[in-house]
Structure formats: C-alpha cells, structure tokens
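Residue numbers (this note's numbering), protein chains in the order written: chain A, 201 to 428; chain B, 84 to 218.
Idealized CB from N, CA, C, for every residue including glycine.
Have a look at this one:
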C-alpha cells in the first residue's frame, strides 16, 4: 500500500493514545533494513556488471582478432591458389575453418554477454529506483514521527508551564491590543514632537523680536479708545 | 553542540526587520526550540529538525475552538488560502491546526530568520482570515 495511505489509515485509526507514535519503531527499522538490503543488491549488481562488461570487451577483442586471422589466411589461400599450391591452400583453408568455428562460438558468447550487461543494467536502475522510493517513504514516516513527538513535547511543555492556555481568539485580541497600543504610542510621540517643534519656533520668533500674537494689551486698548 | 543549540545561541543575538527572538529549548526524544518573536509572543514558532528538514511550526488552534458545524468550511478555506500565504502552509497535527514552513537543514541563518518572521506574521494573518469560524 502507498505509504501516505498507510500513514492516513494509522492517523485516522483513532485508537491511539495521544502522542503515541503513528509508526512504531519496528516499522522504521524494517524500512531502514529494506533500504540497506536494496543497497547491498545494488552493489552486488554493480560489481557483477563490471565483471560481465569486462568479459564482453574481452570477447569482442577475441572476435576481432579471429576475424583478422581469418581475413589474413584467406589472402594466403588466394596467394597459394595463384601459385597452384593446392596442398598449401587446403592446409590454410582447414585452419580458416577451425577459426571460423571458434569465431562462431565467440560471437555467440559475446551476444550472450551483451544481453547479460543489458539485463544487469536494468536491474541496477530498478534497484536505484527502489532505494530512492524507500528513502522517500522512510523520510515521510520519520517526518510524521518527528512532528508528532515534537507536538507532544510542546503540549507537555505548555501544560507544565500553564502558559498559553488562551484560545486563538483571545491571543489574537491580545496581539491587536498590543499593536493598537504601539500605534497609539507612535501617534502620541508624533503629536508631542510636533508640539515641541511649534514651541521652539515661537521662541525663535520672540528672540528675533517678532511677535506671533495677533493681539496684545496695547492694541486692544488702542482699538477700544478709537471706538469712544 | 547540537544544531538546535547552535541555532539558539545565534537567535539570542539576532534581529531581523526589527524583531528580536526569545528562545526556549524544549528537551525530549524529539528536541524542539520554542521561539517567541517580539510583539507576537502569543504564537511562538517551534523548530524541530529531522534528517533532512528544519520544520518550523506555529500551532494556531485546537479543532474544538472551531464553531460547531463549520469545520468543513474551515478546511475548505485553509486549502484555498494555502497557495496565497507566502512560504507557509496549513497543516493539521493531531487535533491542532497549524501553519508550517520547511527548510533544508543546510539553510543559511538569514533564511532561517526570514522563515521565522514570515511564519509568525503569516500565523496572525491566517488566524485573522479564519477568525469568524472560531469560537
């Protein structure tokens, strides 16, 4: 069964105690062992692949050398026939026949070795895929296990410290209040610095003998006198 | 020193986009590091290491906190929000809804910081997006 399906079945099982691991430790050991076994098979396959490939190369070399020997002797036969030396030609032809027999055997061996190389190569690919699959599955299992254990540790810690017993809504409200407070402080700070700027401007104007007041006692008196 | 201990020391002195990190190691068969991001201490980020991954998890709420009869709607919304949420994904661990991000164990420290801050911000954004379905 697909590992994710297995995990979901275990999670939905519901019979577990809180914090109990979804995957028992044995299952993980088995997974790890399977990966180890697959790696072992892969190494064996790789070793035999090099051996078989070496044999195939050797066989190919033998085939080539036999072909060359045959070709060379064929030239000799023609030469002998040209010189009417039938006996020598026959003798060489016998050798050629023996080489051809050997060539046939070597070619058949080479074909077999070539097929074997292909087979082992496909086995190696299969083993590599299988290792990658198992490793991915193990990772899923281990991650699920880690997250569960971490969650258990966190909830035990929260329970032990009696901290964070608030609901999410209460916590959210507290954050908002804090943020509002920070905003208010920033606004108040801004207003304060604006007021300070204003006061400093007034002081500078006064020092320069410029009054920023539109009215003073003297002007009020002058205005009232005019109305008499 | 274990990789989590190393991370704890680095985080203690780190700051990212003005955020500071308060770390608390939680021992156990699966060691976990609790990280509170300044200003968002209510939703700590929990980091745990597996063979190949650094898992960063923000536990959001228990399934009991969902308004009765609206679980299906919540799950649907979580799935729809999964792609738009940058770097983080929805998850359900036992009975807890969570948001998580996975990093390679060989990630650069700067990327880890980015992940923690993004996850912390995303956790709040995600909660706000499903708030109406919570008790």
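Proximity of residue 111/B to chain A, defined by a Cβ-Cβ separation below 8 Å, is satisfied. Chain order gives the chain A residues near residue 134/B as 339 and 342, where near means a beta carbon separation below 8 Å.
Separation of the CB atoms of residue 136/B and residue 188/B is rounded to 6 Å, and the pair is thereby assigned contact status at 8 Å.
By the criterion of at least three beta-carbon pairs nearer than 8 Å, the stretch 276-288 of chain A is not in contact with the stretch 319-329 of chain A. With a minimum length of 4 residues, the unbroken runs of alpha helix (DSSP H) contained wholly in the stretch 128-192 of chain B fall at 154-165. Assignment of beta-bridge partners to residue 118/B by DSSP yields 106/B and 128/B. When only Cα atoms are considered, residue 179/B and residue 138/B end up about 16 Å apart. Rounded to the nearest angstrom, the Cβ distance from residue 350/A to residue 113/B is 5 Å, consistent with a contact under 8 Å.
Three or more pairs of CB atoms, one per stretch, sit closer than 8 Å, so the stretch 287-297 of chain A contacts the stretch 260-275 of chain A. Look at residue 217/B here: in three-state DSSP terms it is strand. In terms of Cβ geometry, residue 368/A and residue 87/B do not form a close pair [threshold 8 Å]. Of the candidates 260/A, 343/A and 292/A, the residue whose Cα lies closest to the Cα of residue 313/A is 260/A. Using beta-carbon distances, residue 122/B counts as an interface residue toward chain A, with a partner under 8 Å. Scanning the stretch 287-353 of chain A from its first residue to its last, no whole alpha helix (DSSP H) run of 4-plus residues comes out. Residue 195/B is not a Cβ neighbour of residue 100/B, given a cutoff of 8 Å.
Neighbours of residue 375/A across chain B, judged by C-beta separation under 7 Å: 123, 125 and 207.
Membership of residue 389/A in the alpha helix (DSSP H) is indicated by the continuous run 368-407. Ranked by Cα distance from residue 236/A, the first of 400/A, 374/A and 338/A is 338/A. DSSP, read as helix, strand or coil, puts residue 85/B in coil. Contact between the stretch 373-392 of chain A and the stretch 159-172 of chain B is absent, with fewer than three C-beta pairs closer than 8 Å.
Non-local C-beta neighbours of residue 146/B in its own chain, meaning closer than 6 Å and more than five positions away in sequence, comprise 178, ordered along the chain. Contacts with chain A at 8 Å (Cβ-Cβ) do not include residue 195/B. Residue burial is scored here from C-beta neighbours: residue 211/B has fewer than 16 other C-beta atoms within 10 angstroms and is therefore classed as exposed.
The alpha-carbon of residue 150/B is positioned some 27 Å away from that of residue 353/A. Distance from the Cα of residue 288/A is smallest, within the candidate group 274/A, 300/A and 238/A, for 274/A. The residue among 227/A, 405/A and 242/A with its C-alpha nearest the C-alpha of residue 327/A is 242/A. Residues of the stretch 162-185 of chain B with a Cβ closer than 8 Å to any Cβ of chain A, in chain order: 176, 177 and 179.
For residue 98/B, the three-state secondary structure derived from DSSP is strand. Put simply, of 186/B, 198/B and 191/B the residue whose alpha carbon is nearest the alpha carbon of residue 133/B is 186/B. Excluding the 5 residues flanking it on each side, residue 94/B has same chain C-beta neighbours closer than 7 Å at 104, 106 and 118, in chain order.
When the alpha-carbon of residue 209/B is set against those of 98/B, 122/B and 183/B, the nearest one is in 183/B. At a cut-off of 8 Å, the C-beta of residue 259/A has no neighbouring C-beta in chain B. Taking C-beta atoms under 8 Å as the contact rule, residue 126/B and residue 371/A qualify, at a distance of about 6 Å. At least one beta carbon of chain B lies nearer than 8 Å to the beta carbon of residue 367/A. A straight-line Cα-Cα distance of about 43 Å links residue 325/A and residue 109/B. With respect to the 8 Å criterion, residue 203/B and residue 115/B are not classified as neighbours on the basis of their beta carbons.
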